[in-house]
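Q: Under our numbering, think of the first position of the sequence shown as 6, with each following residue one higher.
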Amino acid sequence: MAAPSFSCTKRNMSSPDKRFLIYPAAFMVNGGITMLNFSVIFFMRRTYGTSPALVGWMSAFWAFAYLIGCIGLGGISRRLSYRRALPLATSVMGISTLLILIIPWEISALFWYMLFGLITALHWPPLMGWLSEGLEGRDLSRAVGGFNLAWSTGAGAGPFIAGLLIEQSLRLPLLVIALLYGFVAVLYITTFSLSRRRKSRIADLPEIDLPKIKDQSSPLRYAGWIGVSSSYTLLGALMFIFPMYAEDVLGYAESFTGLLLFLRGAVTVAGFYLAGKTIFWHHNPLQISISQLLLGACALLLAFAFRPGTYLTLYIFFGLIFALQYATSIFHGVSGALNREQRMAIHEGSLTFGVVLGSAGGGLLYQWFSFRSVMVMIALAVAAASFAQVLSYRKLSRSTKKAAS
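#1: Three or more C-beta pairs under 8 Å: does that hold for the segment 318 to 331 against the segment 375 to 395?
#2: Output the residue ranges of the alpha helix (DSSP H) runs that lie fully inside the segment 224 to 267 and measure 4 residues or longer, sorted by chain position.
#3: How big is the Cα-Cα spacing for ALA148 and LEU192?
#4: Quick check on ASP209: does DSSP put it in helix, strand or coil?
#5: Give the single residue among LEU305, ILE105, ARG143 and VAL274 whose Cα lies nearest to the Cα of TYR53.
#6: Where do the ends of the alpha helix (DSSP H) carrying PHE121 lie?
#7: Is LEU170 helix, strand or coil when you go by DSSP?
#8: For the segment 273 to 348, list the beta strand (DSSP E) runs that are entirely contained and at least 3 residues long, ordered along the chain.
#9: Beta carbon of PRO131, beta carbon of ALA90: below 7 Å?
#10: Between the segment 242 to 251 and the segment 105 to 118, can you find at least three pairs of beta-carbon atoms closer than 8 Å?
#11: Any idea what DSSP makes of THR357, helix, strand or coil?
#12: Going along the chain, which residues of its own chain have a beta-carbon closer than 7 Å to the beta-carbon of PHE197, five neighbours each way excluded?
#13: Please report how far the alpha carbon of HIS288 lies from the alpha carbon of LEU175, in whole angstroms.
#14: Can you confirm whether the segment 28 to 42 touches the segment 156 to 166 when touching is taken to mean that 3 or more C-beta pairs between the two stretches lie within less than 8 Å?
#15: Are SER44 and ALA167 close, meaning C-beta to C-beta below 7 Å?
#16: Rounded to whole angstroms, what is the Cα-Cα separation between ALA361 and TYR371?
#17: If you draw a straight line from the alpha carbon of LEU41 to that of PRO178, how long is it in whole angstroms?
#18: What would DSSP say about ASP144, mapped onto helix, strand or coil?
#19: Can you tell me whether PHE25 is buried or exposed, with buried defined as 16 or more other CB within 10 angstroms of its CB?
#20: My output table needs one value for LYS400: the three-state DSSP class, helix, strand or coil.
#21: For SER200, name the three-state secondary structure that DSSP assigns.
#22: How about PRO57 and GLY368: are their beta carbons less than 7 Å apart?
#23: For ALA384, which residues in the same chain have their Cβ closer than 8 Å to its Cβ, ignoring the five residues on either side in sequence?
#24: Mind checking which residues open and close the alpha helix (DSSP H) that includes GLY80?
#25: Could you give the C-beta distance for GLY80 and ILE124, rounded to a whole number, given that I count them as a contact under 8 Å?
#26: When DSSP labels each residue in this structure, what does LEU175 get in the three-state scheme?
#27: Would you decide whether PHE311 is buried or exposed? Buried here means 16 or more other CB atoms lie within 10 Å of its CB.
#28: Is DSSP giving PHE47 helix, strand or coil here?
#29: Can you tell which of TYR227, LEU240, THR95 and LEU170 has the C-alpha that lies nearest to the C-alpha of GLU259?
#30: Does DSSP classify GLY54 as helix, strand or coil?
#31: Going by the beta-carbon positions, is the gap between TYR398 and PRO313 smaller than 7 Å?
#32: Of the residues SER222, ALA242 and MET244, which one's Cα is nearest the Cα of SER334?
#33: Terminal residues of the continuous alpha helix (DSSP H) containing SER137?
#34: Should PHE392 go down as buried or exposed, given a rule of 16 or more other Cβ atoms within 10 Å for buried?
#35: Verify whether the separation of the beta carbon atoms of ARG226 and GLY338 is less than 7 Å.
#36: Measuring alpha carbon to alpha carbon, tell me which of TYR320, SER235, ASN344 and MET244 ends up nearest LEU298.
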């Protein structure tokens with residue numbers, strides 16, 4: 006199936022100028038998110054004695070707030086436009102992090118952490134929608150590939166840096182995160198102010214003549230969203246539950262746990278680079294099924310791992326699968342679609358559902374049973390999701406053929 010193409014009557018925004026802002030911002034914003042998600046585990050446990058189950062639920066509340074934001078803030082972000090939404094989001098993210106640090110109350114920390122998740126939804130869908138506007142095929146793949154490289158590099162660096170900072174001071178990572186978001190907000194405000202004065206090429210995409218364009222969405226979009234949700238289920242458990250298991254049972258230092266997450270992120274970066282340079286996975290249902298089965302196998306092997314070298318190998322293996330499933334979701338979600346920002350919101354909602362399932366469900370299973378139980382349940386859930394992928398693709402393929410005939 007060839008990628009559908011658009012014949013826009015206006016100037017295409019595929020020029021690299023806006024990427025000079027989007028890619029560094031994606032790196033810093035996601036680096037701050039993963040630093041916070043990693044740091045808050047140890048901050049809450051050592052400051053307030055928070056139980057493993059509540060730590061898992063905290064991450065679930067954060068993800069649920071983000072999911073609600075993706076659903077409910079779409080209209081607000083469209084009215085604000087990305088020029089106002091992006092600096093507003095990063096400013097509130099920085100303030101929320103600072104308030105977690107300075108208000109010594111467990112319930113307050115939970116509230117500000119949830120606000121952080123909610124307002125994050127005002128950042129990613131507008132940014133990703135702006136990036137993908139007017140792009141299809143190889144151009145879309147290259148733009149998405151560069152974006153994935155940027156945010157995933159931040160995702161890998163964040164936990165590693167946070168682990169090093171925690172060993173110096175429990176409060177230091179939160180302060181660094183708040184300052185980082187303040188810097189990104191200033192960067193957005195400055196860049197957009199200069200672009201208005203100079204009428205630079207970093208400008209709003211002119212209106213497309215929509216009546217002349219037909220929606221040609223890929224039938225693989227639902228399979229892609231199921232896949233990314235599955236990957237984030239495992240990621241949620243590895244980010245929020247494994248650090249507690251590593252500290253309580255395995256006796257690993259925070260820096261080693263951060264190193265595992267860093268290596269997973271580094272391998273994911275390499276995977277995104279390869280995905281951006283290749284097209285074999287475009288509109289290919291077979292690779293979606295294979296990657297889903299490999300993800301389930303990875304979770305099952307993690308259930309029985311007990312050596313540092315084994316964890317290292319499996320984290321690297323997971324990083325490659327994660328890269329392919331994420332790229333598949335974002336590419337097939339927007340390919341041929343008219344409302345890119347809405348599709349990005351669905352993509353973000355899908356992965357957020359996975360984070361909630363992996364962190365909250367994993368936290369409960371870990372507290373009641375064991376980390377092995379968490380991994381086995383995730384493997385079973387991934388296997389069930391693979392059947393849903395096949396069914397969704399077959400149903401949409403038949404619908405597409407009927408519409409074309």
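Every residue gets a Cβ at the ideal spot worked out from N, C-alpha and C, and that includes glycine.
Fair warning: this is a prediction, and the values are worked out from it, not measured in the lab.
A: Reading it off the structure:
#1: no
#2: 226 to 245 and 247 to 250
#3: 21 Å
#4: With a pLDDT of only 48 at ASP209, under the threshold of 50, the placement of this residue in the model should not be trusted; the figure read from the coordinates follows. DSSP places ASP209 in coil when its eight states are reduced to three.
#5: ILE105
#6: 111 to 125
#7: DSSP places LEU170 in helix when its eight states are reduced to three.
#8: The beta strand (DSSP E) runs lying completely inside the segment 273 to 348 and spanning 3 residues or more number zero.
#9: yes
#10: no
#11: Of the three classes helix, strand and coil, the one that applies to THR357 here is helix, per DSSP.
#12: Within the same chain, PHE197 has close Cβ partners ARG88.
#13: 46 Å
#14: In the pairwise beta carbon analysis, the segment 156 to 166 is classified as touching the segment 28 to 42: at least three pairs are separated by under 8 Å.
#15: yes
#16: In the sequence under discussion, the amino acid at residue 361 is Val, which differs from the Ala named in the question. Answer to the nearest angstrom: the Cα atoms are 15 Å apart.
#17: 7 Å
#18: ASP144 falls in the helix class under three-state DSSP.
#19: exposed
#20: Reduced to three states, the DSSP call for LYS400 is helix.
#21: Secondary structure of SER200 (DSSP, three-state): helix.
#22: Going by C-beta atoms, PRO57 is nearer than 7 Å to GLY368.
#23: GLY301, ALA302, ALA304, LEU305 and ALA308
#24: 79 to 85
#25: About 15 Å; that fails the 8 Å criterion.
#26: coil
#27: exposed
#28: helix
#29: LEU170
#30: Residue state, collapsed to three classes: coil.
#31: no
#32: SER222
#33: 129 to 137
#34: Exposed, by the Cβ-count rule.
#35: yes
#36: SER235
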